[in-house]
Amino acid sequence: MEKIILHKESCKACGYCKDVCKKGAISVSDYINSKGYEVMAVDKEKCVKCGLCYTMCPEYVFEILEVE
-2 MEKIILHKES CKACGYCKDV CKKGAISVSD YINSKGYEVM AVDKEKCVKC
48 GLCYTMCPEY VFEILEVE
């Protein structure tokens, strides 16, 4: 199961999540959503599920899952 899910259609590419990520796990992707924004991408190998992106995002793009 994935540790983090992005709701790409909600993303407005503000970059707050990228700026706050201490692991450098967030970057701009090549995907453009239906609103015309190049949305963020998460490197799931670098992501430690700290929640900073979730806390910072004004559009609730990130969903953090509990992984067993």
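Be aware that the sequence shown starts at -2, since it is given in my numbering, and climbs by one per residue.
All C-beta atoms in this analysis are idealised placements derived from N, C-alpha and C, irrespective of residue type, glycine included.
Residue pairing from DSSP places ALA38 in a beta bridge opposite SER24. Using a 10 angstroms sphere on the CB of LEU3, the tally of other CB atoms reaches 16 or more, which defines it as buried. Collapsing the DSSP output to three states places GLU6 in a helix. Between the C-alpha atoms of ALA10 and LYS41 there is a straight-line separation of about 19 Å. CYS18 places its beta carbon 8 Å or farther from that of VAL58.
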